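Numbering (UniProt numbering), first residue to last: 1 to 279.
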């Protein structure tokens, strides 16, 4: 599918239907059940409502789930997780990777409150001895030492302090969807949707090819979604072209700071262009 819709402008329900491949009738039903959430508009289910583009991606994902037989209760439960992440994630200007860092920071803050050891990964020491946080501010220093690429460490830390534990899974899902929509080369996630022993739906993700869903041994059955593939199909994202452009942008600075690496990148760029022309 090829779409010219902007991934930054609000969309109508008709546009959501065209982009996602889900019928307008189904979208109206999902709206009534709050599986899709509009950004603006009245309280009815009419097409006057406007939607953030991420809702088109969510509609496409749920179209896949409905096609394999998930009922409305399951769709609503999974949607509640994702839409919580969307609501909180869109309340900040942080980039997706920074939101993931904020989630991990909040986990560390909670562990610190419980008296657990929290390792500092970025703060350097004069020895090889592992360093641990003694107070919350140590986690901010660790973020600063990690030199976040996209956002200020202080902004990540402040966002981390505000988020709640029951928002972690949704924020991770939101960040992975948004990064895939933006064509970020570090994000090509797949999801495993499964129910825990209490019947609650969970979303586990992998971001590396070949990585196994082994961190949740209770997930003996589940639904696999190649989420990154779904996003690229919905928005007609050419990862190969994106990587070419990212490589081209990186070369000038590397010519100044690391000529050897710049030379390797120029050779890789030539190879990528050759593969592109042969496709």
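We put the beta carbon where it would ideally sit given N, CA and C, even for glycine. All of these numbers come straight from a predicted model, not from anything done at the bench.
- For the segment 117-164, the continuous alpha helix (DSSP H) assignments of 4+ residues that do not extend past its boundaries occur at 136-145, 153-162, in sequence order.
- According to DSSP, residue pairing for residue 40 in a beta bridge involves 50.
- The count of Cβ pairs closer than 8 Å, one atom from the segment 96-114 and one from the segment 129-141, reaches three, so the stretches are in contact.
- Under the 10 Å beta carbon count, residue 178 is surrounded by 16 or more other beta carbons and is classified as buried.
- Looking from the CA of residue 154, the closest CA among 55, 193, 143, 267 belongs to 143.
- Here the alpha carbons of residue 262 and residue 34 stand approximately 50 Å from one another.
- If you check the CB distance, residue 89 and residue 173 do not come in under 7 Å.
- Residues of the same chain with a CB within less than 6 Å of the CB of residue 272, apart from the 5 flanking positions on each side, are 244 in chain order.
- Shown here, residue 98 sits in a helix according to DSSP, grouped into three states.
- With contacts defined by Cβ atoms closer than 7 Å, residue 51 and residue 39 form a contacting pair.
- For a cut-off of 8 Å, the C-beta gap from residue 193 to residue 225 is around 7 Å, short enough to register as a contact.
- For residue 193, the enclosing beta strand (DSSP E) begins and ends at 190-195.
- If you ignore the 5 residues before and after residue 100, its C-beta comes within less than 7 Å of the C-beta of 172, 175, all in its own chain and listed in chain order.
- Around the beta carbon of residue 151, 16 or more other beta carbons lie within 10 angstroms, which makes this residue buried.
- Residue 81: member of the alpha helix (DSSP H) spanning 72-89, first to last residue.
- Scanning its chain for C-beta atoms nearer than 8 Å, with the 5 sequence neighbours on each side dropped, one finds around residue 94 the residues 102, 150, 151, 155, 156, 159, in chain order.
- For the segment 237-266, the full-length alpha helix (DSSP H) segments reaching 4 residues or more read 239-257 along the chain.
- Bounds of the alpha helix (DSSP H) holding residue 27 are 24-32.
- Residue 12 and residue 59 have their alpha carbons spaced roughly 13 Å apart.
- Here residue 177 carries a helix assignment [DSSP, helix/strand/coil].
- Cβ contact annotation for residue 250 (same chain, cutoff 7 Å, sequence separation greater than five): 265, in chain order.
- Here residue 200 is not bridged, per DSSP, to any residue.
- Here residue 24 is exposed, its C-beta having fewer than 16 other C-beta atoms within 10 Å.
- Annotated three-state conformation of residue 114 is coil, per DSSP.
- Counted as a single uninterrupted DSSP element, the alpha helix (DSSP H) harbouring residue 19 occupies residues 13-20.
- By the C-beta density criterion, residue 83 is buried, having at least 16 other C-beta atoms within 10 angstroms.
- DSSP places residue 171 within a helical segment (H, G or I) once states are collapsed to three.
- Assigned with DSSP and collapsed to three states, residue 9 falls in coil, not helix or strand.
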